[in-house]
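Each residue of the sequence shown is one higher than the one before, counting from 0 in numbering that gives the first Met the number 0.
Each residue gets a CB set at the ideal place from its N, CA and C atoms; glycine is no exception.
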Amino acid sequence: MVAGRVVRFDSSRGYGFIAPDDEGEDVFLHVNDLRFPEQYLRSGLEVEFEIEEGDRGLKAAGVRLADGAAPRASVPGTGTGTAPARPADGDDALCDVLRGAEFRQEVTEVLLGAAPTLTGEQILQVREGLLRFSRKHGWVEG
């Protein structure tokens, strides 16, 4: 079993991504692989899962709530996978340096919103290319 957190889940499409705690590549998540009610799924939810090689890359299987993860139903219409707003601290937003996991989450949100027909594999490829580029320029830590 691998531990991780849900990065994003689009209930209308039935898929999303999980970021493994080992900070490896995010793993595709399909609603059919959940072992708990879909309404509990939300960004940041701690889960445990197996990793399998799917038709388009790595995918989660047998996804269950992690020990100690509190099940709570998401509020319909709130976008269960949206990233929380960052608090304003007076710094110029253009100077923010994100951690790799934060960057992946933000880019995933943008890609799903801008090009909803992208496949999970396409999103992973674009996101990893952008991550390498951003690290090269010092925009992302780690």
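Between Gln-38 and the set Ala-114, Glu-51, Gly-13 and Glu-47, the nearest pair of CA atoms involves Gly-13.
Gly-61 is the residue among Glu-105, Gly-61 and Val-30 whose C-alpha sits nearest the C-alpha of Glu-51.
Beta-bridge annotation (DSSP): Tyr-14 is paired with Asp-9 and His-29. Of the candidates Lys-135, Phe-132, Val-5 and Gly-137, Val-5 places its Cα closest to the Cα of Ala-68. Restricting attention to Ser-11, Arg-131 and Val-26, the CA atom closest to the CA of Ile-17 is found in Val-26. The C-beta distance from Glu-47 to Ala-100 rounds to 18 Å, too long to fall under 8 Å, and the pair is not in contact. The same chain holds no residue with a CB closer than 8 Å to that of Ala-113 once the five nearest residues on each side in sequence are set aside.
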